[in-house]
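In this note's numbering, the protein residues as written are 427 to 542.
In this text, a Cβ means the ideal position worked out from N, Cα and C, and glycines have one as well.
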Amino acid sequence: MEALRRLIQSRLDELGWSQSELARRSGVSQQTISSWMTSKRASGSRGPNRDSLRKVAVALGLSVREVFEAAGIYVPPALTPGERETLVAIYEELDEDDRVFGLEHLRLLLERKRRS
427 MEALRRLIQS
437 RLDELGWSQS
447 ELARRSGVSQ
457 QTISSWMTSK
467 RASGSRGPNR
477 DSLRKVAVAL
487 GLSVREVFEA
497 AGIYVPPALT
507 PGERETLVAI
517 YEELDEDDRV
527 FGLEHLRLLL
537 ERKRRS
């Protein structure tokens with residue numbers, strides 16, 4: 427959380443914004459931003475919500491990857507053009523039922539990865 431706090435504070439200083447201004451521009455509550463900035467989290471809390479982090483990244487003009495990494499959230503590397511091409515080629519060869527099954531399986535893998 428310290429890296430996230432430093433990143434947000436640095437950008438707020440550059441922009442001349444307060445936490446209240448960030449809350450207004452991002453749509454994330456003042457209370458949530460304040461808790462990140464003071465590192466106060468409820469017992470058992472998993473940390474910042476991904477959707478809130480995305481909103482803050484956009485408002486501050488930062489990359490989502492940079493904000494997620496500062497929050498300690500694993501961000502997988504982007505697909506190479508070759509990997510993307512291979513995935514699309516495989517997907518295009520599947521019939522509709524197999525596409526639905528394949529996408530659902532990928533969603534489940536992603537969900538499991540996010541929980542770990």
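Check                                                                                                                                                                      : Outcome
Pull up the CB-CB distance for THR458 and SER489, whole angstroms please, since I reckon it's below 8 Å.                                                                   : Not quite, the Cβ-Cβ distance comes to about 20 Å (not below 8 Å), so this is no contact.
Return the first residue and the last residue of the alpha helix (DSSP H) that VAL514 is part of.                                                                          : 507–519
Within the same chain, show all residues whose beta-carbon is closer than 7 Å to that of SER469, passing over the 5 residues directly before and after it, in chain order. : Low per-residue confidence applies at SER469: pLDDT is 41, beneath 50, and the placement is therefore not dependable enough to give any value.
Report back the beta-carbon spacing between GLY498 and GLY473 to the nearest angstrom; my notes put them in contact at under 8 Å.                                          : 7 Å
What is the rounded straight-line gap between the Cα of ALA485 and the Cα of ARG450?                                                                                       : 9 Å
Going by beta-carbon coordinates alone, are GLN456 and SER446 separated by less than 7 Å?                                                                                  : yes
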